[in-house]
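*Asks:*
In our numbering, the protein residues as written are 3 to 143.
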């Protein structure tokens with residue numbers, strides 16, 4: 003397989019991998035909003051949000067990550083995913099102070115590197131994306 007084919011394949015795999023993690027975090031807001039509330043209170047010092055707030059946040063996140071995995075609006079969706087993940091990675095700073103009690107938190111760093119890579123190489127991420135300018139037309143045109 004030529005390099006011209008390997009790069010889009012690798013970027014696609016990174017995009018899907020990042021999407022899977024973000025999708026599970028998003029689903030958590032719908033399935034277990036109490037857990038999401040605890041996470042926001044502990045890591046982001048944002049307390050007092052109810053289930054409705056997490057349904058709204060989850061809905062907005064879902065729209066972004068679905069557009070992200072489809073390769074839509076790359077400049078914006080890849081940047082938003084990068085910022086969301088960077089925020090959560092940096093917000094967990096206390097966990098890094100006791101590394102062997104919190105080893106799983108270190109998985110956030112390679113994922114952050116994947117998000118940065120996807121953003122910087124977004125123009126080369128062409129495998130299984132919805133092309134720009136594609137519109138869904140109604141059958142009653």
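Glycine residues also receive a C-beta, built at the ideal position from the N, C-alpha and C atoms.
Closer than 8 Å is the cut-off here; do at least three beta carbon pairs connect the stretch 117-129 with the stretch 9-17?
*Replies:* Result yes; three or more Cβ-Cβ pairs closer than 8 Å.
*Asks:* Under a Cβ-count criterion, where at least 16 other Cβ atoms within 10 Å of its own Cβ denotes burial, should residue 63 be classed as buried or exposed?
*Replies:* So residue 63 ends up on the buried side.
*Asks:* Go through its chain and collect everything with a Cβ distance to residue 11's Cβ below 8 Å, but skip five positions before and after it.
*Replies:* 3 and 129, listed in sequence order.
*Asks:* To the nearest angstrom, how far is the alpha carbon of residue 108 from that of residue 90?
*Replies:* Their Cα atoms are separated by approximately 12 Å.
*Asks:* Could you have a look at residue 154 and say whether DSSP puts it in helix, strand or coil?
*Replies:* Any property of residue 154 remains undetermined from this structure, which presents the chain solely from 3 to 143.
*Asks:* Going straight from the alpha carbon of residue 120 to that of residue 80, what length do you get?
*Replies:* About 7 Å.
*Asks:* Please check the pair residue 58 and residue 83, which I expect to be a contact at CB under 8 Å, by giving their CB distance rounded to whole angstroms.
*Replies:* Contact doesn't hold; Cβ gap of about 18 Å is too wide.
*Asks:* Quick check: the Cα distance between residue 73 and residue 29, rounded to an integer number of angstroms?
*Replies:* If I take the Cα positions, the gap works out to 20 Å.
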